[in-house]
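Here the structure is laid out as C-alpha cells; the discussion comes afterwards.
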Amino acid sequence: MNNNIGWQFDNSYARLPDSLYARLNPVSVRAPRLAILNEALAKTLGLNLHSLPEQDAALLFAGNALPDGAQPIAQAYAGHQFGNFTILGDGRAILLGEHITPTNERFDIQLKGSGQTPFSRQGDGRAAIAPMLREYIISEAMHALNIPTTRSLAVVTTGESVIREVALPGAILTRVAASHIRVGTFEYLVRTGNIEGIKTLADHVIQRHYPGLSEADNPYLALLNHVIDRQASLVAKWLLVGFVHGVMNTDNMTISGETIDYGPCAFMDTYDPNTVFSSIDHYGRYRYGKQPDAAQWNLARFAETLLPILHPEQEQAVAIAEKAIHAFPEIFQNYWLAGMRKKLGLFTEEVEDSQLFEILLTWMQGHQADYTHTFHSLASESIPTDDQFNNSAFIEWHTRWQVRLSRQPNSKTSSINLMLANNPAIIPRNHRVEEALATASEQGDYTRVHQLHAAVTNPYADIPEYYAYRTPPPPSDRVYQTFCGT
Ligand code: AMP
Ligand code: MG
278 MNNNIGWQFD
288 NSYARLPDSL
298 YARLNPVSVR
308 APRLAILNEA
318 LAKTLGLNLH
328 SLPEQDAALL
338 FAGNALPDGA
348 QPIAQAYAGH
358 QFGNFTILGD
368 GRAILLGEHI
378 TPTNERFDIQ
388 LKGSGQTPFS
398 RQGDGRAAIA
408 PMLREYIISE
418 AMHALNIPTT
428 RSLAVVTTGE
438 SVIREVALPG
448 AILTRVAASH
458 IRVGTFEYLV
468 RTGNIEGIKT
478 LADHVIQRHY
488 PGLSEADNPY
498 LALLNHVIDR
508 QASLVAKWLL
518 VGFVHGVMNT
528 DNMTISGETI
538 DYGPCAFMDT
548 YDPNTVFSSI
558 DHYGRYRYGK
568 QPDAAQWNLA
578 RFAETLLPIL
588 HPEQEQAVAI
598 AEKAIHAFPE
608 IFQNYWLAGM
618 RKKLGLFTEE
628 VEDSQLFEIL
638 LTWMQGHQAD
648 YTHTFHSLAS
658 ESIPTDDQFN
668 NSAFIEWHTR
678 WQVRLSRQPN
688 SKTSSINLML
698 ANNPAIIPRN
708 HRVEEALATA
718 SEQGDYTRVH
728 QLHAAVTNPY
738 ADIPEYYAYR
748 TPPPPSDRVY
758 QTFCGT
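The numbering of the sequence shown is the numbering used here, which starts it at 278 and goes up by one.
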C-alpha cells in the first residue's frame, strides 16, 4: 500500500524472542468505513492523511491493507484478573509495528477488534462500535487532561455485525501507545518458565522507556522503582480528576505508565470514594478510592516477576522488592497532595494541608456535591448560592481555605490561574458519553460524538459553545453502571 503518508516502522518488539508473540495479519473485514479520524494526532505522528483517499484510509485502519514496514503480531501476556491469574494475550488486537515520528519518538500502532488470534480463547476477536468510540473519546479526553494515556488515531466500522446480547455494528480502533508492554507481559514469562526472557524483556523496557537506568548500579531495581513512581503519579492524576478505571487487572497496567484499556471506566459525578461503575466489579475491588491499593497490589506482582534479576540470592531479592513496594503509599500520597495543592491554588506546603483537603472531600461526600463542578466553581470564584453550598460546614471550610491562601506570598491572580489550569470545567460525563454513543451506534449519526469529542478535548477552556457539557447530570440521567462491551 502507498507508504507516502509518512510511515516509518522499526519493529523492535518483533525482534525479541518469538515466545512473546504470534505473527499473523489482521483478518480482513467486509466493508470498512471511516467513523472518526484524529487528524491532530496524525499530525504529531508525522502522518499526512490528507494525501490518502478516505476509502484507502478505511482499508488501512481496518487492517485490510497493511502499511509498508508493518510486521503484524499478536502479543502474548498473562494477568491477574480480579485477583485470579490467567494466561491471556491479544485476543482481538494486532500490533502493526512501531512507528518512528519525525521527532524520533517511537509509538506502537495497534488495531483493536481486528479478528481472532491464537490468544482469542472463546472470543470472536471483534469489537462493537460503541466501546471503540468510548475508548476514542475518553482516551483523548485523558490526554487533554494531561494524564499519560494510550491515544486513539481512528475508528472504522467493519460492515459486519458482532453478536453480543444483540447484533451490533462491528468496529476497529487504531490505538497508539508508548508500548503495549504490561505487568502481565512479565507475568507471562514467569509462568511459562522463561526466566532468561525476563532479563531480555526488562532490558528492552529499560532501553525503550527509561534509557537512563542502564547506568544504575542495579538497573532492574531502578526499573522497579521507576515503574512504581510512574504508576503512583498516574493513579494520583486519576483520582484528582475523578476517574475510575474499572478494570485494574495486571494485564491492564502498562510498564510505560500510560493509562490503558478503556472498558467500563467512567468519571465520577458526585463525590463518593466508594464509586464503582463496572458491572463486573461485584466487590468494588477497583472502586474510586481503592485504586491506589489496587495499583500497589499490581506492582507487587510486577516486583515478583523481577525477583530472579533483582539479586542472585532470593532472600535478598525479596527484601529489595518489598522495600520498593512498601514505599508506594507515600510516593502516591505525595503526588496526590501536590495535585490537590494545585487544585486549591496553593504554591506553598503546610503540614495541615492534607486536613484542609480531607475536610472539603468529607463535606462533598456528605452533601453529594459534584466533584468536578465544586472544584471548578472554587477556581472560577463562582460558588453556587444554592442550599448545597449555603451551609455552615462549607462556609467554615471556605474561610479556613481563604486564610490559608492569604498565608502564602503569591498573588490571588496567580492562585486562580493555577486552579483554572488544574480544575477542568469539562470531563466526559457518563450521561453525555452514553447519549453520544447511542446515536452513533443506533442511528449512525456522529454529530454528538464530534461535539462531545470537541468539548472534552478542551477541558480547561472557557468556550460558551461547550457550557452545556459542564453541567452535572440531572438525577434522571445519572449513570450508575457501565459495561465492558467485549
Ligand atoms: P480486556 O477486558 O479488554 O482487558 O480483555 C481481557 C482479555 O480478553 C484480553 O486478552 C483480550 O484480548 C481478550 N478479549 C476481549 N474481548 C475479546 C473478544 N471479543 N475476542 C477475543 N478476545 C477478547
Ligand atoms: Mg486488556
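The beta carbon of each residue, even a glycine, is placed where N, CA and C say it ideally should be.
From residue i to residue j, what does the alpha carbon distance come to, in whole angstroms?
| i | j | result |
| --- | --- | --- |
| L466 | F338 | 31 Å |
| A407 | N471 | 38 Å |
| A405 | V432 | 11 Å |
| S556 | P589 | 44 Å |
| R428 | I377 | 15 Å |
| Y781 | A342 | Because the chain here runs from 278 to 763, residue 781 falls outside it and cannot be looked at. |
| Y565 | M525 | 11 Å |
| K567 | F520 | 12 Å |
| Q593 | T462 | 24 Å |
| G447 | T651 | 39 Å |
| V306 | T435 | 6 Å |
| R709 | E658 | 26 Å |
| E764 | Q387 | One cannot answer for residue 764 here, as it falls past the ends of the chain, which runs 278 to 763. |
| G489 | E437 | 47 Å |
| N302 | T552 | 40 Å |
| H644 | V726 | 32 Å |
| F560 | W574 | Strictly speaking, residue 560 in this sequence is Tyr, with Phe absent from that position. Taking the straight line from one Cα to the other gives about 16 Å. |
| P736 | D480 | 38 Å |
| P395 | Q348 | 16 Å |
| T734 | A317 | 11 Å |
| G340 | G366 | 19 Å |
| R576 | Q484 | One detail in the question is off: residue 576 reads as Leu in this sequence, not Arg. When rounded, the distance between both Cα atoms is 20 Å. |
| T363 | K600 | 27 Å |
| A516 | N281 | The residue you asked about is not Ala; residue 516 is Leu in the sequence shown. Roughly 42 Å between the two C-alpha positions. |
| L637 | D663 | 17 Å |
| V680 | G622 | 12 Å |
| Q453 | L430 | Inspection of the sequence shows that residue 453 is occupied by Val rather than by Gln. Computed Cα separation, rounded: 7 Å. |
Within 10 angstroms of its Cβ, does residue i collect 16 or more other Cβ (buried), or is it exposed?
| i | result |
| --- | --- |
| Y757 | exposed |
| H503 | buried |
| F624 | exposed |
| K689 | exposed |
| R292 | exposed |
| V628 | exposed |
| K389 | buried |
| D558 | buried |
| I537 | buried |
| Y744 | exposed |
| T639 | exposed |
| Q285 | buried |
| H357 | buried |
| T531 | buried |
| V443 | exposed |
| H603 | exposed |
Let me know the secondary structure DSSP gives residue i once reduced to three states.
| i | result |
| --- | --- |
| I386 | strand |
| S657 | coil |
| H357 | strand |
| V680 | helix |
| T394 | coil |
| A405 | strand |
| V521 | strand |
| F286 | strand |
| E442 | coil |
| F338 | helix |
| E535 | coil |
| V433 | strand |
| F652 | helix |
| I449 | strand |
| T426 | strand |
| I703 | coil |
| T662 | coil |
| A543 | strand |
| D647 | strand |
| T363 | strand |
| A291 | helix |
Taking the alpha helix (DSSP H) that residue i belongs to, which residues open and close that run?
| i | result |
| --- | --- |
| T477 | 472-486 |
| H807 | With the chain covering only 278 through 763, there is no way to say anything about residue 807. |
| Y298 | Careful: Y298 lies outside any alpha helix (DSSP H), inside the beta strand (DSSP E) at 298-300. |
| H727 | 724-733 |
| V467 | 460-468 |
Check for me: the beta strand (DSSP E) holding residue i runs from which residue to which?
| i | result |
| --- | --- |
| A312 | 310-314 |
| I371 | 370-377 |
| I693 | Per DSSP, I693 belongs to no beta strand (DSSP E); it is in the alpha helix (DSSP H), 689-697. |
| A351 | 350-352 |
4-residue-minimum alpha helix (DSSP H) runs that sit fully inside the stretch 582-644, ordered along the chain: Counting only runs of 4 or more, we get 591-603, 605-620, 630-643.
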